[in-house]
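Sequences listed follow chains A and B, in order. Take the first sequence: its letter number 86 is residue 440 in the working numbering, and every next letter is one higher. Take the second sequence: its letter number 33 is residue 387 in the working numbering, and every next letter is one higher. C-beta atoms are modelled at their ideal positions from N, C-alpha and C, and glycine is treated no differently.
Protein chains: 2
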Amino acid sequence: MDITTFGALSEPSRLRIVELLSTGPHTVGEIAERLQIRQPQASKHLKVLLESGLVDVTAEANRRSYSLRMQPLREMDAWLERYRRIWEERYDALEDYLLKLQAADENSDIDSKRKPE
Amino acid sequence: MDITTFGALSEPSRLRIVELLSTGPHTVGEIAERLQIRQPQASKHLKVLLESGLVDVTAEANRRSYSLRMQPLREMDAWLERYRRIWEERYDALEDYLLKLQAADENSDIDSKRKPE
DNA sequence: TTACAATATTCCTTTACAGGAATATTCCTA
DNA sequence: TAGGAATATTCCTGTAAAGGAATATTGTAA
């Protein structure tokens with residue numbers, strides 16, 4: 355897991371750029387307009403995203419089309435695997451606990467019905 | 355998805371702390387020793403992790419035990435879902451393409467066997 | 001070749017953040 | 001209650017990063 359991915363995504367405009375690009379490639383101008391930021395800032399953020407590998411460029415005449423690269427996101431996904439296991443484990447443990455509670459509750463129900471008799 | 359999660363994980367020591375805590379709770383001293391950083395830096399990083407919700411503390415006498423919180427990681431996982439769909443789509447598209455190539459290849463194979471005859 | 005549109009880069013200033021060293025705080029035990 | 005262990009906080013300094021404004025670059029069309 356390349357840590358620069360986190361750095362790149364830790365800036366609001368850059369996160370929004372990534373989300374925008376998830377709908378398909380866009381030019382710098384479009385990105386700047388959609389995000390309501392100035393063109394130079396858009397270019398700067400795109401440079402950071404490019405260097406972190408989150409984005410690809412292809413030049414078409416005057417314009418540059420930026421598109422999302424999946425690899426860093428896949429790596430993030432792989433990195434998460436370890437934690438997914440943990441929370442599933444914990445979920446299972448909680449479930450077990452609740453099942454036991456429920457079982458105990460049913461017993462106490464039986465008791466509360468028995469005693470009065 | 356809370357963007358501060360990315361910020362918190364974008365610092366190498368903090369990422370390592372999270373990974374260490376994935377094996378269970380640890381005290382500040384243990385963390386500092388394992389990561390070969392000074393205790394004050396460990397405390398500072400833990401503070402950032404705490405504020406971003408990635409970590410929990412429980413005080414036990416003199417010591418403080420830090421443990422991992424799963425919620426921000428689950429949110430990251432949920433955030434990734436959208437991208438997972440994209441790369442699976444792309445994978446499917448690639449697969450289709452390869453299958454077509456293969457089919458075309460088999461045809462050209464037949465052709466190459468036919469023509470000489 | 002000139003002019004214009006789209007984008008990138010530079011320079012400047014301000015702010016955020018990280019590490020080091022020193023110190024404060026909190027809790028335990030003798 | 002004095003001292004020590006574990007941890008947090010403060011202050012300082014250096015550095016990286018962000019935005020604004022201006023400018024450079026590149027490609028296209030007249």
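Asked                                                                                                                                                              : Found
Would you grab the beta carbon distance between residue 428 of chain A and residue 441 of chain B for me? Rounded to a whole angstrom, and I think it's under 8 Å. : 6 Å
Less than 7 Å between the C-beta atoms of residue 407 of chain A and residue 379 of chain A, yes or no?                                                            : no
Alpha carbons only, please: which of A/460, A/355 and A/384 is nearest the one belonging to residue 421 of chain A?                                                : A/384
Could you say which of B/409, B/360 and B/405 lies nearest to residue 371 of chain B if we only look at CA atoms?                                                  : B/409
Answer yes or no: do residue 357 of chain B and residue 453 of chain A have a C-beta to C-beta separation smaller than 7 Å?                                        : no
Strictly under 7 Å for the Cβ-Cβ distance: is residue 450 of chain B near chain A by that measure?                                                                 : no
I need the boundaries of the beta strand (DSSP E) containing residue 369 of chain B, first residue and last residue.                                               : No beta strand (DSSP E) contains residue 369 of chain B, which is instead part of the alpha helix (DSSP H) from 366–375.
Have a look at residue 387 of chain A and residue 413 of chain A and give me their C-alpha separation to the nearest angstrom.                                     : 19 Å
Please confirm if residue 410 of chain B has its CB atom under 7 Å from at least one CB of chain A.                                                                : no
Work out the CA separation of residue 362 of chain B and residue 365 of chain A for me, nearest whole Å.                                                           : 12 Å
Are the C-beta of residue 455 of chain B and some C-beta of chain A separated by less than 7 Å?                                                                    : no
List, in order along the chain, the chain B residues whose C-beta lies closer than 9 Å to that of residue 366 of chain A?                                          : 357
Out of A/436, A/431, A/393 and A/419, point me to the one whose CA is closest to residue 435 of chain B's CA.                                                      : A/431
Residue 417 of chain A bridges to which residues according to DSSP?                                                                                                : A/414
Is DSSP giving residue 408 of chain B helix, strand or coil here?                                                                                                  : coil
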